[in-house]
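Going down the list, the sequences are from chains A and B. Residues in the first sequence are numbered consecutively from 24, following this note's numbering. Residues in the second sequence are numbered consecutively from 24, following this note's numbering. To start, the structure itself, in structure tokens.
There are 2 protein chains.
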Amino acid sequence: MREAKVIYSVRTCVPLPPSREPLPLNFANSQALFRRAAEVIPGGIYGHTTPAATLPGATPYYAVEGFGCRYRDLDGNTFIDFLCGYGPMLLGYHHPEVEDAATAARARGAAFNHPTPLMVELAEALVARIDFADWAVFAKNGADLTSWTVMVAREYTGRPKILKIRGAYHGTHAWCTLGHGGLIPEDRAHIHDFPFNDVAALETLFALHRGRIAGLILTPFHHPAFADSELPSPAFVAACNRLCREHGTLQILDDVRCGFRLSTGGSHSVYGYTPDLSIYCKAIANGHPLSAAVGRAALKPAASRVFLTGSYWNDPAPMAAALATLAVIERDNIPARLAALGERFVTGFLALGEKHGVPLRASGPPAMPYVRVADDPSFIRTQQLCAAAVAEGVFLHPHHNWFISAAHTEADIDEALQRLDTAFLNLSLSS
Amino acid sequence: MREAKVIYSVRTCVPLPPSREPLPLNFANSQALFRRAAEVIPGGIYGHTTPAATLPGATPYYAVEGFGCRYRDLDGNTFIDFLCGYGPMLLGYHHPEVEDAATAARARGAAFNHPTPLMVELAEALVARIDFADWAVFAKNGADLTSWTVMVAREYTGRPKILKIRGAYHGTHAWCTLGHGGLIPEDRAHIHDFPFNDVAALETLFALHRGRIAGLILTPFHHPAFADSELPSPAFVAACNRLCREHGTLQILDDVRCGFRLSTGGSHSVYGYTPDLSIYCKAIANGHPLSAAVGRAALKPAASRVFLTGSYWNDPAPMAAALATLAVIERDNIPARLAALGERFVTGFLALGEKHGVPLRASGPPAMPYVRVADDPSFIRTQQLCAAAVAEGVFLHPHHNWFISAAHTEADIDEALQRLDTAFLNLSLSS
């Protein structure tokens, strides 16, 4: 495959796989390996990538390689990817500048007894880019730091309670998981949730727990699974800012999924939030394992009192990858590019729905769009549409927002739309 | 530096740095960067690698590269490393077989929408190696999985309570952190601790909370900071096994620090524990970020009901690194090699103490030894001894157990002892 014709720009100088696979797609290898996996792994595949969350039988279960905006599965099928690893893949699989930086760092060693200078450089880079940030810390998972910022808020305020958006995902720790297994009542004794954009519900919680609320944790917009995305209303953002200020409650922005896709300097500025703490992950190092939290100067002493560490957290390679990723984001104004590409994709997608008589509903910002069949409460028709798209080599998730990457070109978007045109032709929706 | 004479075996075919630095060591660059870091990072360096935990002023604060069993700091000082990144560095920095495997995997992409086949291969490799294991799951940090196994124990038993060894480290999550910041009482409402090796205390807890204890979480031996390591007494191990069996309590072995250093198949077999769940991390992928939990078949349904996932957990490179690491561990019987090297080091170290009239006390298994000045309750003399060792280019931690790596040769151990001989000569201990 490495001998395939190189048609990418220097930005993504890796070979493209063949642009068309014969239909029908075959998932026999994926399915056979999944059966083997089920012997030695609970559920075969667990977590957000479980086939049960997409379309069992109609999607690949195992990936083997990715180039730019495309990936290949275990059966040799290739897909234009609109899920992007659920977010980490911002600049494309195997982005040369990022990989070169990570490889050079890795070649000098990993997981030392001390940090490397890259940790300081990266903290400085985040403080320089994120307007409210005075300091940064690093970990491996988003949840490492959503949980830690909750503890920092409790340490700073001396209060126990945390308000969160109902159904918002902040990781799989007991205080916030969307799963049901293994919980005890004490895990959420001081966690209170409210519907997104519901100013009255938020005001009620602040009144009810006056003087007891350490933090309000938010996502920039609401991106639940099995539902449309919702952008925040200006009134909701204003209420969040005002109530936090009035009650001495810290505003924590979980920017894990959106960070650096909507803005070069954190997503709070897009919608007008005034966070005290923000968490980044996913896109920050284009797939290398790293998360970061940033905060205001006033919180630095409290932050230094909440013990935070992990075995691999000094590993320089992901930090080198993050520095390279942040440089590309800024140099190429990646968020603007994603917005334009996403706009082109969503507009074209909606036009195809109209052409084929399938009413569609789009939600979310164009860089992280989600399109589903309108009037489809069970998601069955949306699943059928996504299965038809996958069969044409376009990977779409029926229940989770999508992601545009900077490795998608206008030509890739147009090719995807052309394939979707065929998908609509092949589609027979349940009535 | 890359042109330095290559004197390593094929197992560690990387160049050694010069074997001797002029004294006194200079940490000016480390200290200047630390001051810069303190502007943008709470505490400058946080977590277990904070200079405050070792010897401020007498040790490096920043590493820049590692080869085999040695690393170089930001001031150009090199050290024979007996901390090994606090555990991940099992086969030496930049081990060629591990790095080649990881690089090959990384070149095919990372953080896909699906796992890669490596996940299945790795689960099968663990199940094949660990006698009681019927299944495996993977994450990034040890704490991801100590916390998850606690939830699995609660899910399986329907009980809330967890017993743990007093002072044992299982991560920085609120239920188990050894820090004090940001905690609320509910975090530990059902966590009860007991002194290591104290059978009576353990029996009392089991009697007091009869029918309410989901799990007993253990480390193979007790390796607290600021204390000697303690090996488990046969009576303690027997009591753990018997009480768990009698009370239907799951035995969880936190093998994060010890795993694959004491045995090729998990440390439970070394001491006779009968775990239901074990967690591995650190050494499993020679520094690539990966953790794993394994469990018995009966727990598989409960395990599949406790949601577990993370943004980078499908990343194939660390799984490829783990497969390569496990293969080397088995092929070269690494635990036996570490035990022999550790024995040589500790025996030589104690002899030096005798020679120089400094009574020493060694504890822990030879592969993970800890040697301190005897009768030193404040650790001041142990700190002076470690500072003298560091000044001679031997990195020792005054308050944390040490690690031998497979990249240490007998010659490296002997060189370290020779340097320690000089360190003892230069040592003037507080009275």
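Cβ atoms here follow ideal geometry from the backbone N, Cα and C, with glycine treated the same way. Predicted model, so just to flag it, every value in this text is computed and none were measured.
Which of the three DSSP states, helix, strand or coil, is assigned to residue i?
{"i": "A:I236", "result": "strand"}
{"i": "B:P198", "result": "According to the sequence shown, residue 198 of chain B is Trp rather than Pro. DSSP places B:W198 in coil when its eight states are reduced to three."}
{"i": "A:D96", "result": "strand"}
{"i": "A:F217", "result": "strand"}
{"i": "B:A76", "result": "helix"}
{"i": "A:F135", "result": "coil"}
{"i": "B:I275", "result": "strand"}
{"i": "A:F352", "result": "A small correction: the amino acid at residue 352 of chain A is Ile; Phe does not occupy that position in the sequence shown. Helix."}
{"i": "B:K184", "result": "strand"}
{"i": "A:S456", "result": "It is not possible to answer for residue 456 of chain A, since the shown part of chain A is limited to 24 through 454."}
{"i": "A:A86", "result": "strand"}
{"i": "A:S32", "result": "Bear in mind that the predicted position of A:S32 carries a pLDDT of just 28, short of 50, making it too unreliable to give a figure here."}
{"i": "B:T287", "result": "coil"}
{"i": "A:A347", "result": "helix"}
{"i": "A:N264", "result": "helix"}
{"i": "B:N52", "result": "helix"}
{"i": "B:V109", "result": "Correcting the residue type first, residue 109 of chain B is Tyr in the shown sequence and not Val. Here B:Y109 sits in helix by DSSP."}
{"i": "B:E44", "result": "Any reading at B:E44 needs caution, since the residue's pLDDT is 45, under 50, leaving its predicted position unreliable; the model's value is listed next. It is coil, neither helix nor strand."}
{"i": "B:P65", "result": "coil"}
{"i": "A:F229", "result": "helix"}
{"i": "B:Y192", "result": "coil"}
{"i": "A:I22", "result": "Residue numbering for chain A in the displayed model covers 24 to 454; residue 22 of chain A lies beyond these limits and cannot be assessed."}
{"i": "A:G70", "result": "helix"}
{"i": "B:F259", "result": "helix"}
{"i": "B:R129", "result": "helix"}
{"i": "B:D154", "result": "coil"}
{"i": "B:A212", "result": "coil"}
{"i": "A:A148", "result": "helix"}
Closer than 8 Å: is that where the CB of residue i sits relative to any heavy atom of the ligand HEM?
{"i": "B:R328", "result": "As for the ligand HEM, it is missing from this structure, which has no ligand bound."}
By DSSP's criteria, residue i is part of a beta bridge. Which residues make up the other side?
{"i": "A:H245", "result": "A:E253"}
{"i": "A:F161", "result": "A:A315"}
{"i": "A:T445", "result": "Answer is none; A:T445 lacks a bridge partner."}
{"i": "B:T101", "result": "B:R95"}
{"i": "B:L300", "result": "B:I275 and B:G318"}
{"i": "B:Y179", "result": "DSSP output for B:Y179 lists no bridge partner at all."}
{"i": "A:Y116", "result": "A:G91"}
Write down every uninterrupted run of the alpha helix (DSSP H) in the stretch 309-337 of chain A whose length is 4 residues or greater and which is fully enclosed by it, in chain order. 323-328
Can you give me, in chain order, the residues of the stretch 115-135 of chain B that have a beta carbon less than 9 Å from any beta carbon in chain A? Y116, H117, E122, A125, T126, R129, A130, R131, G132, A133, A134 and F135
With three or more beta-carbon pairs closer than 8 Å as the criterion, would you say the stretch 301-316 of chain A touches the stretch 275-284 of chain A? The answer is yes - the stretch 275-284 of chain A touches the stretch 301-316 of chain A, with three or more Cβ pairs under 8 Å.
4-residue-minimum alpha helix (DSSP H) runs that sit fully inside the stretch 360-439 of chain B, ordered along the chain: 403-414
Against chain A, which members of the stretch 210-233 of chain B pass a CB distance test of less than 7 Å? A212 and H213
Can you confirm whether the stretch 366-374 of chain B touches the stretch 187-198 of chain B when touching is taken to mean that 3 or more C-beta pairs between the two stretches lie within less than 8 Å? no
Per the contact definition of three or more C-beta pairs closer than 8 Å, is the stretch 318-327 of chain B in contact with the stretch 162-179 of chain B? Touching, per the Cβ criterion.
May I ask you to list, following chain order, the residues of the stretch 314-330 of chain A that have a beta carbon less than 9 Å from some beta carbon of chain B? S314, G318, L322, K323, P324, A325, A326, S327, R328, V329 and F330
Across the stretch 328-337 of chain A and the stretch 134-150 of chain A, are there enough close Cβ pairs to call them in contact, namely three or more that are closer than 8 Å? Short answer: they touch.
Identify each residue in the stretch 412-433 of chain A for which the Cβ-Cβ distance to at least one residue of chain B is less than 7 Å, and report them in chain order. F418
When the Cβ atoms of the stretch 115-124 of chain A are set against those of the stretch 437-449 of chain A, are three or more pairs found closer than 8 Å? No, the stretch 115-124 of chain A does not touch the stretch 437-449 of chain A.
Within 8 Å of chain B by C-beta, residues of the stretch 378-396 of chain A in sequence order: none
At least 3 beta-carbon pairs within less than 8 Å: the stretch 340-354 of chain A vs the stretch 109-122 of chain A: yes
With 8 Å as the limit, tell me which residues of the stretch 275-309 of chain A have their beta carbon closer than that to any beta carbon of chain B; keep them in chain order. V279, C304 and K305
Three or more C-beta pairs below 8 Å linking the stretch 411-429 of chain B and the stretch 102-115 of chain B: Between the stretch 411-429 of chain B and the stretch 102-115 of chain B, the count of C-beta pairs closer than 8 Å reaches three or more; the two stretches touch.
Note down, in chain order, all residues in the stretch 96-117 of chain B with a beta-carbon under 9 Å from any beta-carbon belonging to chain A. D96, L97, F102, D104, L106, C107, G108, Y109, G110, P111, M112, Y116 and H117
Does the structure place the stretch 223-230 of chain B close enough to the stretch 246-255 of chain B that three or more beta carbon pairs sit under 8 Å? Taking 8 Å as the limit for Cβ pairs, the verdict is that the stretch 223-230 of chain B does not touch the stretch 246-255 of chain B.
Would you be able to state if there are at least three C-beta pairs under 8 Å between the stretch 398-414 of chain B and the stretch 55-68 of chain B? no
Inter-stretch contact at 8 Å, needing at least 3 Cβ pairs: the stretch 151-171 of chain B / the stretch 80-90 of chain A: no
Does the stretch 90-98 of chain A come within contact of the stretch 429-438 of chain A, defined as at least 3 CB pairs closer than 8 Å? yes
For the stretch 340-373 of chain B, enumerate the residues whose C-beta is nearer than 7 Å to any C-beta of chain A, in chain order. Going along the stretch 340-373 of chain B in chain order, one finds no residue with a Cβ nearer than 7 Å to chain A.
Any chance the stretch 147-159 of chain A sits against the stretch 281-299 of chain A, with 3 or more Cβ pairs inside 8 Å? yes
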